Ligand SMILES: NC(=O)c1ccc[n+]([C@@H]2O[C@H](COP(=O)([O-])OP(=O)(O)OC[C@H]3O[C@@H](n4cnc5c(N)ncnc54)[C@H](O)[C@@H]3O)[C@@H](O)[C@H]2O)c1
Ligand SMILES: [Zn+2]
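In this note's numbering, the protein residues as written are 8 to 380.
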């Protein structure tokens with residue numbers, strides 16, 4: 008399966024393909040990998056950046072993958088976890104690239120989850136003012152979201168993703184077979200972003216998820232392949248239109264204003280991104296209902312699918328002040344107002360600026376009444 012990200016539509020003038028299959032990194036006849044790499048102009052040496060867990064599981068497979076193309080890759084193994092998306096490990100990668108005499112014609116492979124993808128992508132964007140890179144995601148979240156669209160970067164002690172660049176890969180290679188080793192919580196974490204695409208942009212897809220979430224979450228190969236394909240197609244379409252989030256790309260932030268606040272209030276510990284945005288999606292849907300955009304039935308459908316997927320539905324017990332203050336730290340808000348992605352119905356979004364005073368009172372209201380019944 009191939010999906011095209013066509014950035015000529017948003018003015019950047021080039022595009023790239025997302026290849027999805029169930030055995031992309033398994034041993035292949037010599038030549039097949041060379042063809043893929045040649046077709047996107049990758050002819051230099053390969054620097055594979057990966058995490059410890061992924062390397063233990065698939066290190067020899069990925070080495071073999073490149074050896075089939077006559078390339079002896081250099082592998083850079085980083086610790087697992089969000090803390091790796093930092094200045095320290097960014098500079099560790101630069102050191103390794105410099106020690107390995109990486110040149111302009113060489114390329115990086117981001118082989119791992121979203122942490123490796125964001126970090127390796129940013130290293131590629133900045134080393135020698137930019138060298139080529141490939142995304143080879145290994146988590147569901149990275150398959151359906153972070154590997155597509157070119158957002159790369161690292162965290163700062165004052166906040167997540169504060170330093171980064173829009174920098175697109177040459178190709179995205181998604182091997183769905185790698186998800187077998189992912190634990191159930193990580194799978195559900197990525198599934199939250201899949202639900203997001205359905206809620207905001209595609210009601211038919213949302214119905215499919217309602218009927219098939221059990222299959223996806225029990226690692227059914229064809230159901231997983233379908234949700235990855237559909238999610239990538241939706242994201243590719245949005246990114247093709249608006250690469251740098253000047254407009255429509257912001258709809259992909261559905262559930263993220265509240266979700267980011269939840270993550271920050273937890274100090275980014277003990278809660279995963281997909282879990283936080285699940286709470287955020289329920290909040291945004293309830294907010295949509297509150298201002299008369301959608302019905303109670305829509306709120307129930309969103310909440311039921313999230314609950315059925317084993318994701319959290321209760322708004323954690325912080326105060327309305329804490330939530331509003333956390334939302335105000337977001338890069339994209341003004342002092343008095345916040346632009347919310349809301350929905351009129353499943354598959355129909357609406358962007359609206361709302362006063363923080365109104366948000367505060369609504370959180371106060373639901374936290375003392377409805378949500379945590
Ligand atoms: N760039 C974007 O557009 C974008 C979008 C969404 C999220 N993100 C970023 O993505 C990051 C989260 O990514 P994530 O959820 O993939 O987490 P992650 O990269 O931390 O991966 C989760 C864990 O799973 C392990 N793992 C990876 N693949 C595995 C496999 N196949 N089998 C077994 N274990 C495996 C990893 O080693 C890690 O321990 C965050 O930093 C977030 O900011 C970026
Ligand atoms: Zn997200």
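Every residue gets a Cβ at the ideal spot worked out from N, C-alpha and C, and that includes glycine.
Here the structure is a predicted model, which is why all the values come from computation and not from measurement.
So, at 6 angstroms on beta carbons, what are the nonlocal neighbours of residue 207 in its own chain, with the 5 sequence-adjacent residues on each side left out?
258, 261, 356
Could you check whether residue 26 and residue 245 sit closer than 8 angstroms to each other, using their CB atoms as the reference points?
No, they are not a contact pair.
Cut-off 7 angstroms between Cβ atoms - residues of its own chain near residue 278, not counting five sequence neighbours on either side:
269, 270
Does the Cβ of residue 408 have 16 or more other Cβ atoms within 10 Å, making it buried, or fewer, making it exposed?
Any question about residue 408 goes unanswered here, given that the chain covers just 8 to 380.
Mind pulling the alpha helix (DSSP H) runs of 4 or more residues that sit fully within the region 296-342?
303-315, 327-335
Taking all protein chains shown into account, decide if residue 105 is buried (16 or more other Cβ within 10 angstroms of its Cβ) or exposed.
Exposed, by the Cβ-count rule.
Using C-beta distances below 8 angstroms, list every residue in its chain close to residue 351, excluding the 5 sequence neighbours before and after it, in chain order.
295, 300, 301, 357
Does the beta-carbon of residue 402, which I'm using as the reference point, lie nearer than 7 angstroms to any heavy atom of ligand 1?
This structure cannot settle anything about residue 402, because the visible part of the chain is limited to 8 through 380.
C-beta contact flag for residue 327 and residue 374 at 8 angstroms:
yes
Looking only at C-alpha atoms, which of 229, 286, 275, 349 sits nearest to residue 298?
349
For a test of the three-state rule: what should DSSP assign to residue 24, helix, strand or coil?
strand
Ignore the nearest five residues each way along the sequence and tell me which others in residue 371's own chain have a CB closer than 6 angstroms to its CB.
Excluding positions up to five away in sequence, the list reads 327.
Can you grab the Cα-Cα spacing for the pair residue 65 / residue 367, in whole Å?
47 angstroms
Residue 142 and residue 121 look like a contact to me (Cβ under 8 angstroms); what is the Cβ gap, rounded to whole Å?
About 10 angstroms; that fails the 8 angstroms criterion.
Kindly indicate which three-state DSSP category residue 58 falls into: helix, strand or coil?
strand
Please report the Cβ distance between residue 281 and residue 199, rounded to the nearest whole angstrom; I am assuming they are in contact, meaning their Cβ atoms lie under 8 angstroms.
3 angstroms
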